[in-house]
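Colleague:
Residue numbers (my numbering), protein chains in the order written: chain G, 1 to 589; chain B, 1001 to 1256.
What follows is the structure in structure tokens.
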């Protein structure tokens, strides 16, 4: 039996970064808002206190803060010719759950995409010709929103987080010490960059000698104490080296808990319900409007929550699945190229170069999630791609997030994985090595997409999401070119030796790569090419909004959080200034 | 009563453990299905609810049979052998760690999806066994010992000479040996090696990394909270003593 609850103005499905941002924005506008989170309540003092937060086994390898796959996972395959099988264990990406979700266990890497990243199709076509954006079955698109439109909302997220960094472009004027390739910023970062440890410093020196343009990574790990516009206070990072995959016990990493919740939870018009999983969005008989959502709690009780607006603020994979399960938008068909829901799923193309010294003590355990010196010379269209045979790029970061010994011992090329030789290499190199991270774009292709699995079902009896994905030749070429550029910097550091970890072969679900899944609910300028308009509003059901990186038509060579947060602020702004006055489509199809 | 020198971290852990014991059992995400909560008006606070890690206690094996223990002690001793550079996996108490892991949530397949159907899949599709980790260890150790008995003229893996153990481990690693009992040798080897390194390098509260000797070997100082003072001191050795969640020997009476 389903119990019908009292109607609300807006229901948030999922309560991580975008849920927290939308909750705060809509409650401040006076709406009655309820958030439904499938996972548990979590807070700093109880769930990741400094007394036990630095536990590599529990959090990284036993997945304590991540989604438990026992009840629900997705199925995976590399291409349509294969049978998709369940992802039986987290590996390649580490899905969040619970209050704060991935916003709790991210590294705090805060990037803006380049102005040209929002024009992937038109810009590259204009500069390199039509084949550049159609070779390898690429299906890249423009976003339907520009960097200039997003800039005030990127700034809003920086103010919320207290982002530590150095501007490289203030109102069009290039600034020494920052990223000269970035789009213009209205404001300097709220806090100065983090002081760099030895490894990133060596990287920056070598990169500058090669004529590159090194700068400190912008970060949500605080360089100094900060109070944000909501009154939430963060403390200076202590470089404990347990950031990504861990919660911060020190209130030093921007997260929904540290930046929004203390403010939002006091609002009388906001309610959060945990352990409540939304099964589907309910539509009116004409399928033009959502009437609310049906959810089930961990006691097995089912409820219908009526709502004037449904905000899908779960992770990208859950948002896409809910759209498919609820019949919102036409599912994408890779054979015909018709349909939009599930189209243009993309990922992140990662590689690395390990650097080994004899004479330099790196102390990798002194780390932080976004502690790095970076070059952006080969990202996006910051360099001439003429004759290279690919579009896109990557940032290259001399990065020390930590020295957690199960995950992060680097051994030289040719070292066996076990035995005395491995042990001796670990003992010799741990303190004297670190890694350059090459964080590459991932261009959408016709064959990479999301749909519902025909065989496997979750604990509620719903079809699992099916992911069909492999890296394209465009991305392999990009990654090889970028890995060579990173190797040049590595060699210029005069190490004893380096090791190249290239991106080879098909996508494999087992080794950790990154939790930057994108697309499937993409934004655009027409219902023919996209699921949502520039305000993240469904073209088909105008009181449904789909947040998050699902809106990215392809993925740029940066971490996605700041961009998906900026899109949420843009959406909230449009809802407040336009939608609430005249509910209905905000962009005419 | 003698005065015991307790550090801050130990005090924290001690009070946390007492709090949990005194409160109703808390179900966290690791176990799935915490009770639903409705939260409004303020950030909720309940005393005694800190999610402190579950350590291990006791000695001896609770999951491994004696035949399994013989295999595990022999195999992990080859994966990480003992020598003057640092401890071997046996000396670091890794077999005890593995036993407690397999007896607990990890062994039962917590956080794994194990539902059917169970086709073998491609290498890229990763773990595709119906076995939970504890079941996989049980089936694999028996299958390896059967293989040794049938093909290598010894009673069990543990009875082979060290170089023959290494040779067989390499064949398991590469998949060059086929095991019966539905066991994929590469899948088992990958899990055994991963779990062995986990026991070697994880916090001693989980039963391995005895005396934090594996951390000391590589120079990892353990669960320190604040390195700010050392951020700009490039290339210097950080002189902090190695510390785990339960402290270090210097925090305990009669030890320095």
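Beta carbons: idealized from backbone N, C-alpha and C, even for Gly. None of the values given here were measured: they were computed from a predicted structure.
Going by C-alpha to C-alpha distance, which of 1144(B), 1175(B), 1174(B) and 1173(B) sits closest to residue 1160(B)?
Modeller: Looking at the Cα atoms, 1144(B) is the closest of the given residues.
Colleague: If contact means a Cβ-Cβ distance below 7 angstroms, which residues of the segment 30-62 of chain G contact chain B?
Modeller: Cβ contacts with chain B come from 39, 40, 41, 43, 46, 47, 49, 50, 51, 52, 54, 55, 56, 57, 58, 61 and 62.
Colleague: Check this for me: beta carbons of residue 590(G) and residue 221(G), under 9 angstroms apart or not?
Modeller: Residue coverage of chain G in this structure runs from 1 to 589, which leaves residue 590(G) outside it and unanswerable.
Colleague: Taking DSSP as the reference, what is the three-state secondary structure of residue 487(G)?
Modeller: Correct three-state label for residue 487(G): helix.
Colleague: Taking the continuous beta strand (DSSP E) assigned at residue 302(G), which residues delimit it?
Modeller: Taken as a continuous stretch (DSSP letters only), the beta strand (DSSP E) holding residue 302(G) covers 302-312.
Colleague: Around the C-beta of residue 17(G), are 16 or more other C-beta atoms found within 10 angstroms, so that it is buried, or is it exposed?
Modeller: Counting Cβ neighbours within 10 Å, residue 17(G) comes out buried, since at least 16 surround it.
Colleague: Grab the span of the beta strand (DSSP E) containing residue 592(G) for me, first residue to last.
Modeller: The first residue shown for chain G is 1 and the last is 589, placing residue 592(G) beyond what the model contains.
Colleague: Is the beta carbon of residue 490(G) less than 9 angstroms from the beta carbon of residue 353(G)?
Modeller: Taking 9 angstroms as the Cβ cut-off, residue 490(G) and residue 353(G) qualify as a contacting pair.
Colleague: So, at 6 angstroms on beta carbons, what are the nonlocal neighbours of residue 25(G) in its own chain, with the 5 sequence-adjacent residues on each side left out?
Modeller: Excluding positions up to five away in sequence, the list reads 572.
Colleague: What is the rounded straight-line gap between the Cα of residue 314(G) and the Cα of residue 1090(B)?
Modeller: So the alpha carbons of these two residues sit roughly 45 angstroms apart.
Colleague: Go through its chain and collect everything with a Cβ distance to residue 1256(B)'s Cβ below 8 angstroms, but skip five positions before and after it.
Modeller: In this prediction, residue 1256(B) scores a pLDDT of 44, lower than 50, which makes its location untrustworthy; the coordinate-derived value is nonetheless stated afterwards. Cβ neighbours of residue 1256(B) beyond the five flanking positions: 1249 and 1250.
Colleague: So who's on the other strand from residue 1087(B), going by DSSP bridges?
Modeller: Paired residue(s): none; residue 1087(B) is not in a bridge.
Colleague: Quick check: the segment 463-482 of chain G against the segment 494-508 of chain G, are there 3 or more CB pairs under 8 angstroms?
Modeller: Result yes; three or more Cβ-Cβ pairs closer than 8 angstroms.
Colleague: By Cβ distance below 6 angstroms, which residues in the same chain neighbour residue 399(G) in space, the five residues on each side in sequence not counted?
Modeller: Counting only Cβ-Cβ distances below 6 angstroms, and skipping sequence neighbours, we find 372 and 437.
Colleague: Please report how far the alpha carbon of residue 105(G) lies from the alpha carbon of residue 243(G), in whole angstroms.
Modeller: Approximately 7 angstroms between the Cα atoms of the pair.
Colleague: Whose C-beta lies closer than 8 angstroms to the C-beta of residue 415(G) among residues of the same chain, with five residues either side of it excluded?
Modeller: So the list reads 421, 422 and 425, once near-sequence residues are dropped.
Colleague: Give the DSSP-derived three-state secondary structure of residue 576(G) in the structure shown.
Modeller: Residue 576(G) falls in the helix class under three-state DSSP.
Colleague: In whole angstroms, what is the alpha-carbon distance linking residue 124(G) and residue 246(G)?
Modeller: The alpha-carbon atoms of residue 124(G) and residue 246(G) are separated by roughly 38 angstroms.
Colleague: Given that residue 973(B) touches chain G, what residues does it touch there, using C-beta distances under 9 angstroms?
Modeller: With chain B running from 1001 to 1256 in the structure shown, residue 973(B) is simply not present.
Colleague: Mind listing the chain B neighbours of residue 508(G)? Cutoff is C-beta to C-beta under 8 angstroms, in chain order.
Modeller: Per Cβ cutoff of 8 angstroms: 1123, 1124 and 1126.
Colleague: Thinking just about the alpha-carbon of each residue, which of 249(G), 320(G) and 111(G) is nearest to the one in residue 562(G)?
Modeller: If we check each option's Cα against that of residue 562(G), 111(G) comes out closest.
Colleague: Measuring CB to CB, does residue 523(G) end up less than 9 angstroms from residue 144(G)?
Modeller: In this structure, residue 144(G) lies closer than 9 angstroms to residue 523(G) by Cβ.
Colleague: Would DSSP call residue 594(G) helix, strand or coil?
Modeller: Any property of residue 594(G) remains undetermined from this structure, which presents chain G solely from 1 to 589.
Colleague: Is the CB-CB distance between residue 162(G) and residue 234(G) below 9 angstroms?
Modeller: Result yes, Cβ atoms of residue 162(G) and residue 234(G) sit closer than 9 angstroms.
Colleague: Does the distance from the CB of residue 319(G) to the CB of residue 14(G) come in under 9 angstroms?
Modeller: Yes, the pair counts as a contact, with Cβ atoms nearer than the cut-off.
Colleague: At a CB-CB cut-off below 8 angstroms, which residues of chain G make contact with residue 1197(B)?
Modeller: 406, listed in chain order.
Colleague: Based on the DSSP secondary-structure assignment, which residues constitute the bridge partners of residue 96(G)?
Modeller: DSSP lists 66(G) as partners of residue 96(G).
Colleague: To the nearest angstrom, how far is it from the Cα of residue 1106(B) to the Cα of residue 52(G)?
Modeller: Cα to Cα, residue 1106(B) sits roughly 19 angstroms from residue 52(G).
Colleague: Using a Cβ cut-off of 9 angstroms, which residues of the segment 1233-1246 of chain B contact any Cβ in chain G, in chain order?
Modeller: Cβ contacts with chain G come from 1233, 1234, 1235, 1236, 1237, 1238 and 1245.
Colleague: Determine, using beta carbons only, whether residue 1140(B) and residue 1074(B) come nearer to each other than 9 angstroms.
Modeller: Not in contact: residue 1140(B) and residue 1074(B) (Cβ atoms no closer than 9 angstroms).
Colleague: Within this structure, are the beta carbons of residue 311(G) and residue 574(G) separated by less than 9 angstroms?
Modeller: No.
Colleague: Could you name the residues of the same chain whose beta carbon sits closer than 6 angstroms to that of residue 1100(B), not counting the 5 residues immediately before and after it, in chain order?
Modeller: If we look at residue 1100(B) and ignore the five residues flanking it on each side, its Cβ neighbours are 1056 and 1207.
Colleague: In three-state DSSP terms, what is residue 1132(B)?
Modeller: Three-state DSSP puts residue 1132(B) in coil, outside helix and strand.
Colleague: Going by CA-CA distance only, name the one from 560(G), 394(G), 554(G) and 413(G) that's closest to residue 142(G).
Modeller: The shortest Cα separation from residue 142(G) among 560(G), 394(G), 554(G) and 413(G) belongs to 554(G).
Colleague: Does the beta carbon of residue 28(G) sit closer than 9 angstroms to a beta carbon anywhere in chain B?
Modeller: Cβ-Cβ to chain B under 9 angstroms: no for residue 28(G).
Colleague: How would you list, in chain order, the residues of chain G whose beta-carbon sits under 7 angstroms from the beta-carbon of residue 1057(B)?
Modeller: The premise fails here: residue 1057(B) is roughly 17 angstroms from chain G at the closest Cβ pair, so nothing lies under 7 angstroms.
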